[in-house]
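Read in my numbering, the sequence shown has 236 at position 224, and its numbers run on one by one without any break. Just so it is clear, CB atoms sit at the ideal spot from N, CA and C, and this is done for glycine as well.
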Amino acid sequence: MITYLPNIADHILFLLLGIIMPFRSIQAQKQIKQLEYNTSTKIQMYWINGFGLWAMAVIVLLVWYFSDRLVVDLGLGWPPPSLDRVAGILVAVFILLYLLDVGSELATPALREKTFQRWVSDMPFLPAKDVEWLHFNFLSLSAGICEEIVFRGFFITYLYSLLQFLPLPTAQTLAILFPAIIFGFVHYYQGWKAMLKISLMAILFGYVFVLTGSLWLLILLHFLVDLLGGSFSWWLHQRYGPVLSEEE
Numbered sequence: 013m014i015t016y017l018p019n020i021a022d023h024i025l026f027l028l029l030g031i032i033m034p035f036r037s038i039q040a041q042k043q044i045k046q047l048e049y050n051t052s053t054k055i056q057m058y059w060i061n062g063f064g065l066w067a068m069a070v071i072v073l074l075v076w077y078f079s080d081r082l083v084v085d086l087g088l089g090w091p092p093p094s095l096d097r098v099a100g101i102l103v104a105v106f107i108l109l110y111l112l113d114v115g116s117e118l119a120t121p122a123l124r125e126k127t128f129q130r131w132v133s134d135m136p137f138l139p140a141k142d143v144e145w146l147h148f149n150f151l152s153l154s155a156g157i158c159e160e161i162v163f164r165g166f167f168i169t170y171l172y173s174l175l176q177f178l179p180l181p182t183a184q185t186l187a188i189l190f191p192a193i194i195f196g197f198v199h200y201y202q203g204w205k206a207m208l209k210i211s212l213m214a215i216l217f218g219y220v221f222v223l224t225g226s227l228w229l230l231i232l233l234h235f236l237v238d239l240l241g242g243s244f245s246w247w248l249h250q251r252y253g254p255v256l257s258e259e260e
């Protein structure tokens, strides 16, 4: 991993994106779950949140650019031709854990109905109709790209550079763990179990980033996970619940 001398812009950006905004997001989650959702409000939410994610990523890229740094050092370069063996194992472990988790929630009709009821309660903004799913794809893509740039590319590189006075393994571990915990907490609305699973995912992603220096594989995996989540929601709504009629 590369290191650099953090400047005042880096400190302010980390305080804003890593502390203030996640804290405000956690505070707002209860209200978000209590809102009444129809197709119009869902689509509006997908695009507003998607553009918000792009705004965060663009700010990070601007700070990086005006600090005379290379974007490849932020993780936007291609991974090495031969993926690091440990990184490859971690990616395989993530895929296996994800498939096991999907199976534990969708393998049988009883599990699918239980999962549907929990998702309706905890994540009522997930797509229930074709048109909602189409717009949800924009949010999935935005999250895959922008959250990886912010949470893995910027946060881990910044913290690793900041903690250079510590032994290398300690600095790397702390640089990976802190953003992973933040990432888990901003998904607290999904419940403690989901929050822990998401934090574990973020830890695995963090180590893959440290080992490869690239975000592109993580961006693809992140996008697919979010896209599949929206797709499963749409599928479950077709089978286990009445699709709400669109309201103006």
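{"Asked": "Give the DSSP-derived three-state secondary structure of Y49 in the structure shown.", "Found": "coil"}
{"Asked": "Between which residues of its own chain and L256 is the CB-CB distance below 7 Å, once the five residues before and five after are set aside?", "Found": "Annotation note: pLDDT 42 at L256 (below 50); position unreliable, coordinate value reported separately. Result list for L256: N50, A140, in chain order."}
{"Asked": "Rounded to a whole number of angstroms, what is the C-alpha to C-alpha distance between L232 and Q43?", "Found": "31 Å"}
{"Asked": "Exposed or buried, G116, counting other C-beta atoms within 10 Å across all chains shown (16 or more means buried)?", "Found": "Checking the sequence shown, residue 116 turns out to be Ser, not Gly. It counts as exposed."}
{"Asked": "From K54 to E144, what does the alpha carbon distance come to, in whole angstroms?", "Found": "7 Å"}
{"Asked": "Taking just the CA atoms, how far does L227 sit from L86?", "Found": "8 Å"}
{"Asked": "Which whole-angstrom value describes the C-beta separation of V83 and W76, a residue pair presumed to lie in contact below a C-beta threshold of 8 Å?", "Found": "7 Å"}
{"Asked": "Would you mind reading off the limits of the alpha helix (DSSP H) that contains S133?", "Found": "121-134"}
{"Asked": "Would DSSP call M13 helix, strand or coil?", "Found": "coil"}
{"Asked": "Excluding the 5 residues preceding and the 5 following I14 in the sequence, name in chain order all residues of the same chain whose CB lies nearer than 6 Å to its CB.", "Found": "D85"}
{"Asked": "Less than 8 Å between the beta carbons of F166 and P34, yes or no?", "Found": "no"}
{"Asked": "Which residues in the same chain have their Cβ closer than 6 Å to the Cβ of S37, if we skip the five residues on either side of it in sequence?", "Found": "V198"}
{"Asked": "Is M213 closer than 8 Å to F78 when the C-beta atoms are compared?", "Found": "no"}
{"Asked": "Are F195 and I210 close, meaning C-beta to C-beta below 8 Å?", "Found": "yes"}
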